[in-house]
Amino acid sequence: MIMLTIPLVLAVTFIITLFLFASHQTKYLKTPAFTNWPFLGMLPQFLWNISQIHDFSAKLLKSKGGTIEFLGPWFTGMYGVITTDPLNVHYIMSKSFDNFVKGDLFREMFEPFGLGIFTTDSDQWKYNRNLLQYLFKQRSFEAFQEKIIHNKVEKSLIPILNHVLQQKGSVVDLQDVFNRFTFDNICLIILGHDPNCLSTDFPEVPSEKAFNQAEESIFYRHTVPICVWKLQSWLQIGEEKKMTEACKVFDQFLFSCIASKREELKKNCNKNEINAESDDAHHVDMLTALIREEKNKGSESEALGDKFLRDAAFNLFVAGRDTITSALTWLFYLVATHPLVEAKILEEIKENFGYKEKPWILSVDDVKKLVYLHGAICEALRLFPPIPFERKEAVKPDILPSGHHVYPNNMILFSLYAMGRDENIWGKDCLEFKPERWISERGGIVYAPSYKFFSFNAGPRTCLGRELAFIQVKMVAASVLWNYCVHVVEDHQVTPNLSIVLLMEHGLKVKITKRGI
């Protein structure tokens, strides 16, 4: 009896000690997010809710006042803060911008991004930002982008939808269509190359598939302790092996395009030198513009230049491809399930352009007149932000406006998804799809500060392509809605996926019919 009692007492003592240790850790947290389990921290509850992480985070943040703290397993050093508080956002992204960076761990976790504009800090980030800002503001580049978008809508998107219309049932995965459209589009804008993903046979394009896999693997790194994915990376197993293989395929695609572009530009130059002054009036892709800028500044070596161009291209792919796909997919889902909103969008188009014959594609100047559609896009971005989480870390210890302490190397997460559902920011009707909230009494667009409407980032890191994004989404949305009726297939399951970009796990299956207005 004594022999049985001693182990039992020791076991009970050990368990009590563990829970006391866990409680000791948790008591220093201002607002702990989850139950702090011995050794495992808050990981079990996080993993239990991973399939619905966005809605779970939104409910949790609401119940805790907008800011929570979390602890990972004790041996991982995982500690961080998640917030939706606009004062915290403004403080971190603007007021104390220099004290909050992406950090080394971010660059490790987002390894495929390289040293591009999304992953760098300080002087390196400023160089990337200034260079891209200069190129984005060139009228020739703006005109080139507008031309590419218009041509892709007219010569690829509309013909594909007409092809679907002729098929029995006329059902298509609209998210897949937009994925292909935006991949072709961004390839043309950045690389000057059209992979023709958006074709009637819906081909599998290795580079497009690899890009998607790389993003999913990056998200996976955020769901497990650092030591786990690093071990998998070292052993080349599981999700890390998939990432390595995907990056290899996509890098081959990018470096091949870079090499071809360099060769093309050399052939077009009489003296084998790129003269930026010779054809400013010509519309050029981003890669051409970057190579010209590189040659003008006399970069050290072509090899170093290729790495810079590769990193710049990858970052721009994320900015201009998946985010647009996400915005379009969720917009069409919301419009299709809110017939009154759809009717108002169509009425606005009819009032402005009803005299034009079908099939008809909007121009850039046309879409600027569509205020209600602009409001609908803002609503879709508010409720379903393309990038659902943003991440930072402090350089020096600091105290946020919410009273929470942050320290170097600790993760600070902004839940953009939860911010869009925060009634303290958007009011009691925050869960409603209501384009009217973005339209003033005079019929103009209502401005929302970026620390509340965070979909285009905030502060010095505000998205450079914001206006281009609105133009592209408006052009596609108005052209498709004016020419076709889009109905979500009955019983189709709409669930957010688990990736760094908020897409639909099962796509968006819709039935297309010709619109008769």
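First residue of the sequence shown? That's 509 in our numbering, and the numbers climb one at a time after it. From the three backbone atoms N, C-alpha and C, an ideal C-beta is built for every residue, glycine too.
Return the CA-CA distance between residue i and residue j, expressed in angstroms with no decimal places.
| i | j | result |
| --- | --- | --- |
| Thr1021 | Val679 | 9 angstroms |
| Arg1023 | Glu850 | 12 angstroms |
| Phe794 | Gly573 | The question names Phe, but residue 794 in the sequence shown is Met. Between Met794 and Gly573, the C-alpha separation is close to 44 angstroms. |
| Pro893 | Leu1010 | 7 angstroms |
| Phe941 | Ser1007 | 24 angstroms |
| Ser987 | Leu673 | 16 angstroms |
| Lys1019 | Pro916 | 51 angstroms |
| Leu824 | Ile698 | 8 angstroms |
| Phe861 | Val994 | 20 angstroms |
| Ala811 | Asn804 | With a pLDDT of 42 at Ala811, under the threshold of 50, the modelled position of this residue cannot be trusted; read the value that follows with caution. Approximately 16 angstroms, taken between the alpha carbons. |
| Leu870 | Ser602 | 37 angstroms |
| Leu891 | His912 | 26 angstroms |
| His701 | Leu842 | 33 angstroms |
| His846 | Asp874 | 24 angstroms |
| Ser741 | Glu724 | 15 angstroms |
| Ser565 | Ala926 | 7 angstroms |
| Phe614 | Leu696 | 29 angstroms |
| Val757 | Glu616 | 20 angstroms |
| Thr831 | Glu747 | 23 angstroms |
| Phe608 | Asn670 | 49 angstroms |
Can you have a look at residue i and say buried or exposed, based on whether 16 or more other CB atoms are within 10 angstroms of its CB?
| i | result |
| --- | --- |
| Ile576 | buried |
| Ser571 | exposed |
| Glu898 | buried |
| Ala767 | exposed |
| Cys755 | buried |
| Thr837 | buried |
| Leu743 | exposed |
| Asp612 | exposed |
| Ser834 | buried |
| Gln721 | buried |
| Ser764 | exposed |
| Ile907 | exposed |
| Gly588 | buried |
| Ala530 | Because the pLDDT of Ala530 is 41, which lies under 50, any placement of that residue in the model is unreliable, and the number read from its coordinates should be weighed accordingly. Buried, by the Cβ-count rule. |
| Gln632 | exposed |
| Pro905 | exposed |
| Lys936 | exposed |
| Cys705 | buried |
| Asn638 | exposed |
| Pro711 | exposed |
| Gln653 | buried |
| Cys777 | exposed |
| Ile514 | Bear in mind that the predicted position of Ile514 carries a pLDDT of just 48, short of 50, making it unreliable; the figure below should be weighed with that in mind. Looking at its Cβ environment, which holds fewer than 16 other Cβ atoms inside 10 Å, Ile514 is exposed. |
| Thr939 | Thr is not the amino acid found at residue 939; the sequence shown has Leu there. It counts as exposed. |
| Glu771 | exposed |
| Tyr880 | buried |
| Leu972 | buried |
| Ile745 | exposed |
Could you pull the start and end residues of the alpha helix (DSSP H) that residue i belongs to?
| i | result |
| --- | --- |
| Ala902 | Where Ala902 is concerned, there is no enclosing alpha helix (DSSP H), although the beta strand (DSSP E) it sits in stretches over 897-902. |
| Asp631 | 630-644 |
| Gln740 | 734-743 |
| Met751 | 746-775 |
| Ala722 | 714-729 |
| Ser648 | 647-660 |
| Gln674 | 666-674 |
| Leu842 | 831-844 |
| Ala884 | 879-891 |
| Ala851 | 847-861 |
On the DSSP bridge list, what partners appear for residue i?
| i | result |
| --- | --- |
| Ser923 | Phe897 |
| Pro916 | Ala902 |
| Lys1019 | Val679, His995 |
| Phe608 | Ala902 |
| Thr575 | Thr591 |
| Met1012 | Pro1004 |
| Ile947 | Ile953 |
| Ile907 | His913 |
The beta strand (DSSP E) that contains residue i, what's its start and end?
| i | result |
| --- | --- |
| Tyr587 | 587-591 |
field: Touch test, the segment 918-936 against the segment 587-602, Cβ-Cβ under 8 angstroms, three pairs minimum
entry: Judged by Cβ distances under 8 angstroms, the segment 918-936 makes contact with the segment 587-602, as three or more pairs qualify.
- prompt: Is there contact between the segment 947-955 and the segment 621-639, where contact requires at least three CB pairs shorter than 8 angstroms?
  reply: Contact fails: fewer than three Cβ-Cβ distances are below 8 angstroms.
message: Quick check: the segment 727-736 against the segment 647-658, are at least 3 beta-carbon pairs closer than 8 angstroms?
response: Result no; under three Cβ-Cβ pairs closer than 8 angstroms.
query: Pairing CB atoms from the segment 970-988 with CB atoms from the segment 938-952, are three or more of them under 8 angstroms?
result: The segment 970-988 vs the segment 938-952: no contact.
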